[in-house]
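Heads up: the structure comes next, in structure tokens.
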Amino acid sequence: MNKRRDNLIEFLYHTYTTVKNFFLPLLAFAVSMIGERNQYTPYVKTGFYILVGFIIIFSFLKWYNKTYEINQDVIKISEGVFSKRFRDVPLNRVKSITTSDSLLKRIFYISNLSLELIGGGEIRFVLTDKDISNIKRNIFKDIKVSTMTKPARQFGLKEYFLMSFTNRGAFLGACSLALTFFSFAFHQYGKFTGEETEQSGLESINSLSKLISDPSVIGTLLLIQILFVLTVAIIAYILMYPLLFLTYGNFHLSSNDKGIHVEYGLLNKKKFHIPKQQIRSLRIIEPIVLKWFGYAQIKVDNIGFGGNRSAAIMVSPIIRKDRVDTLLKEHLQQFQIQPLCYKPVKSSAINYMLSRTLKLKYILVVIVLSLLSMYALYLTALMPVLLFLGFLRWKYSALNFNSDYLTVRYVKGLSVVTLITHKKYVETTTTVQTLFMKGKQMSHYEVALYSEHLHEIYSVRYLSDKKKKAFLNYVLQNTLNGKRRR
């Protein structure tokens, strides 16, 4: 392949998204703070135009200086504006391929081609759909997957409703739209009634701070704030349905002997090609709302996955719990759901509950804030919530290990996560026992997995010592068995 650059649309798209997502909100915030008719407003706008001009020039140079060649055995990349950087990446270091696009790019038949590397890192190109198809067919033959024959899965209204409680990004986006709607509505109402204020944002904040200092209106202001937050939340949840539909619409999942293929999205389409031999772990995630209705989410971890990307790739954003076995048999035959035999002893429930509630950092935060304002003591009302979270950790924490898999179940936030990992990806096993625990014959069990992270460790606390020796020898047994086979 000859030396080439990303499609010219990438330069325009990068400039547009940078201005829209970063500089335009800064301009709006600055003008709202100082007022539209302030004497400094023209200088703020002039500075904004200068920054936009700089971004246009920088984006063009970044696009122009990035060149690459994709050959049969190596990818040669040259990039940089103020300093040049050259990279040669062997093709055998590519572990998975991801393609994605947006509505603007789809109009011009171009997509993002992302190559994830073994050991971390990602290379991204912007090419025409035809070029991407040729590269997949002629160069990345081993990562190719079969053509999908199953129709796209369409989620129902109930499933979109449940997903609305699990997608934080969509909720924040919907809240932003709801607040924009309220801002526009209040502005138009002020114009219609003739009560539009010319106060800047800083002047409004000063007026509000003076109003709050009056104890007689604090209750009324608090009630208004609660009603406003509830109204925004309700409108945000209504807006989430179209956002989730655009995010997960036309969901495809297919596989063959070598890998699995995931594709979803209407406006910003995402495609993931994952070789099965590169899949390290399977995660069955049950947010508490989904768990109540018998649903779960499924993700897979690639070998050496890192938090700088998507952490884990979504295989199913929502699925009935009784359908998980079927999905594994159809697409992820290398994994099986394991019974969780080892759970914390019953007497440790109080330890789980109090360890989260009585953390020193929480106590210090309440003490420091209470010195500033007595209203901070209301934070102690969160104690029942912390006790409940500790109870959930005790109830759902569990462990199991055998000759094929190590399974850990833990609670993260308000979600129950079951992590199933192949034994060969277990790095170390550790037990921790205090003097108090020794008398009761129980320990904390910890397992470290091979990962890009410096430490990726999972633990289950207050387990019986009955399996302590077998757990400590878990990795050693795997090594000894490998030597015997030789």
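Using UniProt numbering, the letters of the sequence shown correspond one by one to residues 1 to 486. Ideal placement from N, C-alpha and C gives every residue a C-beta, glycine not left out.
- Query: Is residue 70 helix, strand or coil when you go by DSSP?
  - Reply: On the sequence shown, residue 70 is found 70 positions in, with the first residue counted as 1. Strand.
**OP:** Using alpha carbons as the reference points, say which of 80, 182 and 48 lies closest to residue 229.
**Re:** Along the sequence shown, read from residue 1 onward, the residue named residue 229 stands at position 229. Looking at the Cα atoms, 182 is the closest of the given residues.
Around the C-beta of residue 305, are 16 or more other C-beta atoms found within 10 angstroms, so that it is buried, or is it exposed?
As a first step, residue 305 must be located in the sequence shown, where it is residue number 305. In this prediction, residue 305 has a pLDDT of 49, which is less than 50 and means its spatial position is unreliable; nothing more can be read from the coordinates.
Check: Are the beta-carbon atoms of residue 300 and residue 285 separated by less than 7 Å?
Finding: As a position in the sequence shown, residue 300 is number 300, starting the count at 1. As a position in the sequence shown, residue 285 is number 285, starting the count at 1. Not closer than 7 Å, so no.
Does DSSP put residue 92 in a helix, a strand or coil? As a position in the sequence shown, residue 92 is number 92, starting the count at 1. It is helical.
Query raised in the report: In this structure, does DSSP put residue 337 in helix, strand or coil?
Result: By 1-based counting over the sequence shown, the position of residue 337 is 337. If DSSP states are grouped into helix, strand and coil, residue 337 belongs with coil.
* Skipping 5 residues on each side, what residues in its chain have a beta carbon closer than 6 Å to that of residue 483? -> As a working mapping, residue 483 is identified with position 483 in the sequence shown. Low per-residue confidence applies at residue 483: pLDDT is 46, beneath 50, and the placement is therefore not dependable, though the value from the model is reported in the following sentence. Counting only Cβ-Cβ distances below 6 Å, and skipping sequence neighbours, we find nothing.
**Asked** How would you call residue 160, buried or exposed, if buried means at least 16 neighbouring beta carbons within 10 angstroms?
**Response** For the purposes of this step, residue 160 is taken as the residue at position 160 of the sequence shown. The residue is buried, with at least 16 neighbouring Cβ atoms inside 10 Å.
Quick check on residue 166: does DSSP put it in helix, strand or coil? On the sequence shown, residue 166 is found 166 positions in, with the first residue counted as 1. The answer is coil: DSSP assigns residue 166 none of H, G, I, E or B.
From residue 246 to residue 70, what distance separates their C-alpha atoms? Locating residue 246 in the sequence shown gives position 246, where the first residue counts as 1. Locating residue 70 in the sequence shown gives position 70, where the first residue counts as 1. Cα to Cα, residue 246 sits roughly 33 Å from residue 70.
What residue range is occupied by the uninterrupted beta strand (DSSP E) comprising residue 259? Residue numbering aside, residue 259 sits at position 259 when the sequence shown is read from its first letter. In the DSSP assignment, residue 259 falls within the unbroken beta strand (DSSP E) covering 259-264.
In angstroms, rounded to a whole number, what distance separates the CA positions of residue 150 and residue 329?
-> In the sequence shown, counting from the first residue as 1, residue 150 sits at position 150. In the sequence shown, counting from the first residue as 1, residue 329 sits at position 329. Unreliable placement is indicated for residue 150, whose pLDDT of 49 sits below 50; no coordinate value is reported for it.
query = Given that a residue counts as buried once 16 or more other Cβ atoms are within 10 Å of its Cβ, and exposed if not, what is residue 147?
reply = Numbered from 1 along the sequence shown, position 147 holds the residue referred to as residue 147. Because the pLDDT of residue 147 is 41, which lies under 50, any placement of that residue in the model is unreliable, and the number read from its coordinates should be weighed accordingly. In this structure residue 147 is exposed. Its beta-carbon is surrounded by fewer than 16 other beta-carbon atoms within 10 angstroms.
When DSSP labels each residue in this structure, what does residue 99 get in the three-state scheme?
As a working note, residue 99 is residue 99 in the sequence shown. In the three-state scheme derived from DSSP, where H, G and I count as helix and E and B as strand, residue 99 is classed as strand.
Given this structure, state the Cα-to-Cα distance separating residue 457 from residue 446, to the nearest angstrom. Counting from one through the sequence shown, the residue named residue 457 turns up at place 457. Counting from one through the sequence shown, the residue named residue 446 turns up at place 446. Within the model, the alpha-carbon separation for residue 457 versus residue 446 is close to 7 Å.
Count the other CB atoms, across all protein chains shown, that sit within 10 Å of the CB of residue 297; report buried if there are 16 or more and exposed otherwise. Position 297 of the sequence shown holds residue 297. Buried.
inquiry  = Quick check: does the Cβ of residue 351 come within less than 6 Å of any heavy atom belonging to the ligand SAM?
reply    = Summarising the ligand content, the structure contains no ligands, and the ligand SAM is consequently not present.
request  = Mind reading off the beta-carbon distance from residue 442 to residue 390? Whole number of angstroms is fine, and I expect it under 8 Å.
outcome  = Taking the first residue of the sequence shown as 1, we reach residue 442 at position 442. Taking the first residue of the sequence shown as 1, we reach residue 390 at position 390. Incorrect: roughly 17 Å between the Cβ atoms, too far for contact.
Would you mind giving the Cβ-Cβ distance between residue 239 and residue 178, rounded to the nearest angstrom? I have them listed as a contact below 8 Å. Residue mapping note: residue 239 aligns to position 239 of the sequence shown, counting from 1. Residue mapping note: residue 178 aligns to position 178 of the sequence shown, counting from 1. Contact check for residue 239 and residue 178: beta-carbon distance about 6 Å, within the 8 Å limit, so the pair qualifies.
Across which residues does DSSP place residue 440 in a beta bridge pair? Here residue 440 is taken as the residue at index 440 of the sequence shown, counted from 1. Note: residue 440 sits in no beta bridge, so no partner.
Of the listed residues 315, 259, 355 and 410, nearest to residue 383 (C-alpha basis): Locating residue 383 in the sequence shown gives position 383, counting from the first residue. Checked all of 315, 259, 355 and 410; the closest Cα to residue 383 is 355.
Original post:
Which word fits residue 105, buried or exposed, when buried means at least 16 other C-beta atoms lie within 10 angstroms of its C-beta?
Top reply: Residue 105 sits at position 105 when you count from the first residue of the sequence shown. Burial of residue 105 is indicated by the presence of at least 16 other C-beta atoms within 10 angstroms of its C-beta.
**OP:** Measure the alpha-carbon distance for residue 155 versus residue 290 and round it to whole angstroms.
**Re:** Working through the sequence shown from its first residue, we reach residue 155 at position 155. Working through the sequence shown from its first residue, we reach residue 290 at position 290. Cα to Cα, residue 155 sits roughly 14 Å from residue 290.
ask   = Can at least three beta-carbon pairs, one atom from the segment 76-94 and one from the segment 112-126, be found at a separation below 8 Å?
value = As far as the Cβ criterion goes, the segment 76-94 touches the segment 112-126, which means the pair count is three or higher.
Requested in this report: List the whole-angstrom C-beta distance separating residue 75 from residue 68, where the pair is believed to meet the contact cut-off of C-beta under 8 Å.
Outcome: Locating residue 75 in the sequence shown gives position 75, where the first residue counts as 1. Locating residue 68 in the sequence shown gives position 68, where the first residue counts as 1. Yes, they are in contact, since the Cβ atoms of residue 75 and residue 68 sit about 7 Å apart, within 8 Å.
Enclosing beta strand (DSSP E) for residue 409 [first to last residue]:
Against the sequence shown, residue 409 aligns to sequence position 409. Per DSSP, residue 409 belongs to the beta strand (DSSP E) from 405-412.
For residue 295, write down the residues that DSSP places opposite it in a beta bridge. On the sequence shown, position 295 is the one that residue 295 refers to. Bridge partners of residue 295: 320.
Let me confirm a value: residue 325 is counted as buried when at least 16 other C-beta atoms fall within 10 Å, else exposed. Which label applies? On the sequence shown, position 325 is the one that residue 325 refers to. Flag for residue 325 reads exposed.
Backbone CA spacing between residue 471 and residue 398 [nearest angstrom]: For the purposes of this step, residue 471 is taken as residue 471 along the sequence shown, with counting starting at 1. For the purposes of this step, residue 398 is taken as residue 398 along the sequence shown, with counting starting at 1. Approximately 14 Å, taken between the alpha carbons.
Worksheet entry | Local conformation of residue 331 per DSSP, three classes | The count along the sequence shown starts at 1 and reaches residue 331 at position 331. In the structure shown, residue 331 sits in a helix (DSSP, three-state: H, G or I).
- Query: With burial defined as no fewer than 16 other Cβ atoms inside 10 Å of the residue's Cβ, what is the status of residue 418: buried or exposed?
  - Reply: Reading the sequence shown from its first residue, position 418 is the one you call residue 418. It counts as buried.
Could you compute how far the alpha carbon of residue 307 sits from the alpha carbon of residue 157? Here the question's residue 307 lines up with position 307 in the sequence shown. Here the question's residue 157 lines up with position 157 in the sequence shown. Note that residue 307 scores a pLDDT of 44, beneath 50, so its modelled location is shaky; the value from the coordinates is reported in the next line. Roughly 32 Å between the two C-alpha positions.
| Candidates 333, 323 and 312: which alpha carbon is nearest residue 257's? | On the sequence shown, residue 257 is found 257 positions in, with the first residue counted as 1. Per the C-alpha coordinates, the member of 333, 323 and 312 positioned closest to residue 257 is 333.
Taking DSSP as the reference, what is the three-state secondary structure of residue 43?
-> To locate residue 43, count along the sequence shown from 1; it is residue 43. Reduced to three states, the DSSP call for residue 43 is helix.
According to DSSP, is residue 115 part of a helix, a strand, or is it coil?
The sequence position of residue 115 within the sequence shown is 115, counting from 1. In this structure, DSSP gives residue 115 an extended state, which the three-state scheme calls strand.
*With distances taken Cα to Cα, identify the nearest neighbour of residue 401 among 410, 45 and 420.*
Position 401 of the sequence shown, counted from the start, is the residue given in the question as residue 401. Taking only the C-alpha atoms, the option nearest residue 401 is 420.
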